[in-house]
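In this text, residue positions in the sequence shown follow my numbering: the first is 223, and each later residue adds one. Below is one structure, written out as structure tokens; the observations come after it.
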Amino acid sequence: MTLSPADLPAVRAALLAWFDRAGRDLPWRVGAEGKRDPYRVWVSEVLLQQTQVARGRVYFERFLAAFPTVEALAAAPIEAVLKAWEGCGYYARARNLHRAAGVIVREGMPTTYGGWRALPGVGPYTAAAVASLAFGEARAVSDGNVRRVLARIHGERQPTSIWVQARADDLLDPARPGALNEAVMDLGATVCTPKNPRCPECPVSAWCAAFRSGEPAAFPAPKVRAAVREVRAVALLLGDEKEAVLERREGTLLGGLMGLPTEVVAEGTREEDTLARLAARLGATVTGELGRVTHTMTHRLVTLTVYGGQGGPERRPVADAALSRLDHKALELWRARQESLFAEV
Ligand code: SF4
223 MTLSPADLPA VRAALLAWFD RAGRDLPWRV GAEGKRDPYR VWVSEVLLQQ
273 TQVARGRVYF ERFLAAFPTV EALAAAPIEA VLKAWEGCGY YARARNLHRA
323 AGVIVREGMP TTYGGWRALP GVGPYTAAAV ASLAFGEARA VSDGNVRRVL
373 ARIHGERQPT SIWVQARADD LLDPARPGAL NEAVMDLGAT VCTPKNPRCP
423 ECPVSAWCAA FRSGEPAAFP APKVRAAVRE VRAVALLLGD EKEAVLERRE
473 GTLLGGLMGL PTEVVAEGTR EEDTLARLAA RLGATVTGEL GRVTHTMTHR
523 LVTLTVYGGQ GGPERRPVAD AALSRLDHKA LELWRARQES LFAEV
């Protein structure tokens, strides 16, 4: 069942009244409605695409402390940007932010959806968010929260991305597009949550088909997840938690990032042989296993066996490099080993 067009003005008004009363106070919501700081909106949207708001808030504060303006971001070396991005995943996004900041400083801050879409790495969601929140352009955002809220209101179990965008466009308030977008984002994040929607507190329950069904959490139907592929790899920790041999990785496993020297154990080969090849490449000897860490990436579960060793190339300060969470987990093994040795003495 589709919400009637005649209902839309009342649904918008209810959402906006709720947002004016209960909207979240977030650090990137600086500036009046429809005139938010575009730099903050942009950075926050790129960050929040891959992290929860609570954690994103910490990363956002850290990133803004390092690069308070788009000029500061454009002028920074890419290594410093990657370092500030540490823990946020998907480093390609940090690289694109940096490249786009350079374009903005050279050509000026875009003020339209089309202008933002033309920047490196800016997709439809981010462009719609910045254009509506910072410049008052009537563009509806469409992400996971929006998809869930609209699927429930309309009682749609299998919403396609085209369907979601069309319903979001219908619902957008031309007079307050930024506020309407923020209202739907906030409703999805705080009230219409995935598992336990709080329908009695919801401003749009009177129009919600999922609420009427008595099973609101059944909408939309769960997506069929792609199979997770298991990847085995070995890493050699030459040095310690402060100074270690670090390499720029190539290939699909965290390619482009600095990290402990690592080799993927190819299908049908033995871990010992891969480790021996890695040690020979580095001119190092293996002293023993430190332990195993696992890390989930998109569609991949990585199991990394970390070994200690001696010799090999020059050590570098670990604190200066942008490391993945996988590497931090590997360094944690070294720390745990030191603590247990200390406890035995
Ligand atoms: S009534 Fe319930 S299911 Fe419907 S939009 Fe509100 S919180 Fe979500």
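Idealized CB from N, CA, C, for every residue including glycine.
{"Check": "Can you tell me which of the three DSSP states residue 549 falls into?", "Outcome": "helix"}
{"Check": "For residue 229, which residues in the same chain have their Cβ closer than 7 Å to its Cβ, ignoring the five residues on either side in sequence?", "Outcome": "429"}
{"Check": "Within 10 angstroms of the Cβ of residue 249, are there 16 or more other Cβ atoms? Answer buried if so, exposed if not.", "Outcome": "exposed"}
{"Check": "State the Cα-Cα distance for the pair residue 407 and residue 488, rounded to the nearest angstrom.", "Outcome": "43 Å"}
{"Check": "Quick one: residues in its chain with C-beta nearer than 6 Å to the C-beta of residue 535, no 5 flanking neighbours on either side, listed in chain order?", "Outcome": "467"}
{"Check": "Please determine whether the Cβ atom of residue 225 lies at a distance below 8 Å from any heavy atom of the ligand SF4.", "Outcome": "no"}
{"Check": "Between residue 325 and the rest of its own chain, which residues show a CB-CB distance below 8 Å, the 5 nearest in sequence each way excluded?", "Outcome": "341 and 342"}
{"Check": "Taking residue 194 as the reference, which of 476, 363, 361 and 254 has the closest Cα?", "Outcome": "The structure shown has nothing for residue 194, since the chain only spans 223 to 567."}
{"Check": "Using only CA atoms, which one of 525, 511, 457 and 470 lies nearest to residue 496?", "Outcome": "457"}
{"Check": "Less than 6 Å between C-beta atoms, sequence neighbours within five positions excluded: which residues of the same chain meet that for residue 482?", "Outcome": "457, 459, 549 and 552"}
{"Check": "Pick out whichever of 347, 530, 331 and 302 has its Cα sitting closest to the Cα of residue 269.", "Outcome": "347"}
{"Check": "Within 8 Å: the Cβ of residue 284 and any heavy atom of the ligand SF4?", "Outcome": "no"}
{"Check": "Do you know offhand how far residue 545's Cα is from residue 376's?", "Outcome": "44 Å"}
{"Check": "Using the Cβ count rule (16 or more neighbours within 10 Å means buried), how would you classify residue 323?", "Outcome": "buried"}
{"Check": "Could you tell me the distance, in whole angstroms, from the CA atom of residue 448 to the CA atom of residue 522?", "Outcome": "10 Å"}
{"Check": "Residue 287 to residue 306, Cα distance in whole Å?", "Outcome": "9 Å"}
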